[in-house]
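Reviewing the structure listed below.
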Amino acid sequence: MKSICLTSIAALGALLIAGCAAPPELLPRSAANPAGMDLSGSWQLREDAGAPRARPGPQEEMIRIPPATSRRRQQVVVRESRGASSKGPSVHLFIESGKALKITQTPHGLFVSFDRAVVEEFTFGENRIISLGPIEAQRVSGWEGPVFVVETMGKKGATLTETWTLDEGGDELVREIGIADDDERLYFRREVFDRT
7 MKSICLTSIA ALGALLIAGC AAPPELLPRS AANPAGMDLS GSWQLREDAG APRARPGPQE
67 EMIRIPPATS RRRQQVVVRE SRGASSKGPS VHLFIESGKA LKITQTPHGL FVSFDRAVVE
127 EFTFGENRII SLGPIEAQRV SGWEGPVFVV ETMGKKGATL TETWTLDEGG DELVREIGIA
187 DDDERLYFRR EVFDRT
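Its first residue numbered 7, the sequence shown is counted upward by one per residue in our numbering.
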């Protein structure tokens, strides 16, 4: 009986200690921009990331329908597929995407325009809380060698990681997007953009 009581007390103590542990935090990234690294320019998504670069063709005038990758479409799909009371990670709501990007790089950060609709600002070396409605997350961004890295972590610890890098010639921009929770990869996408 005494050993059961001691075991119960030890288990309760472990739960209290675990409950008092500091929430996970992201480590800051370097604010120093590597010499000669400039992601600025206009970029077009390559439909097949493994395909060679396509030549631009004539543009047809059409009514523009927002692509399935637009924020409005993503939110509708997320609500329908996950439900409003989902316990899953919310960091996926911070993913922006588009077929055409315009990137402006300053000495202090990047401005990325997705399909001329949404502009995302990343400050080199930032470490701040961002929000989308009632959802808050910690964001850090900066350089890891020639790769620009953005990490966004939700309150439950799921992490959205985006990397942006140029090929050696500077004509190809590669963006990798991943979501992990407790070292389990939940989502991954690789996008290749050609300079226009």
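C-beta: ideal position from N, C-alpha, C; glycine also.
Residue of Leu45, Glu126, Thr110, Glu132 minimising C-alpha distance to Arg35: Within the sequence shown, numbered from 1, the residue matching residue 35 stands at position 29. Among Leu45, Glu126, Thr110, Glu132, the Cα nearest to that of Arg35 is on Glu132.
Nearest-angstrom Cα separation, counted from Arg195 out to Lys162: As a position in the sequence shown, residue 162 is number 156, starting the count at 1. As a position in the sequence shown, residue 195 is number 189, starting the count at 1. A direct Cα-to-Cα measurement between Lys162 and Arg195 gives close to 22 Å.
Gly6 versus Asp177: straight-line alpha-carbon distance, rounded: The first residue shown for the chain is 7 and the last is 202, placing residue 6 beyond what the model contains.
Residues bridged to Asp187 (per DSSP): Reading the sequence shown from its first residue, position 181 is the one you call residue 187. Answer is Glu190, bridged to Asp187.
7 Å Cβ cutoff met for Phe199 and Leu51: Counted from its first residue, the sequence shown places residue 199 at position 193. Counted from its first residue, the sequence shown places residue 51 at position 45. For Phe199 and Leu51, yes; Cβs fall inside 7 Å.
Phe100 - DSSP class collapsed to helix/strand/coil: As a first step, residue 100 is located in the sequence shown; it is residue number 94 there, counting from the start. Secondary structure at Phe100: helix, using DSSP grouped into helix, strand and coil.
Leu192 beta carbon less than 7 Å from that of Ile185: By 1-based counting over the sequence shown, the position of residue 185 is 179. By 1-based counting over the sequence shown, the position of residue 192 is 186. Cβ distance < 7 Å, so Ile185 and Leu192 count as in contact.
Chain-order list of residues whose beta-carbon lies under 6 Å from that of Thr167 (same chain, five-residue window excluded): Taking the sequence shown and counting its residues from 1, one reaches residue 167 at position 161. Excluding the 5 residues flanking it on each side, Thr167 has same chain C-beta neighbours closer than 6 Å at Glu157, Gly184, in chain order.
Cβ-Cβ distance between Glu182 and Thr169 below 7 Å: In the sequence shown, residue 182 corresponds to position 176, counting from 1. In the sequence shown, residue 169 corresponds to position 163, counting from 1. Yes, the pair counts as a contact, with Cβ atoms nearer than the cut-off.
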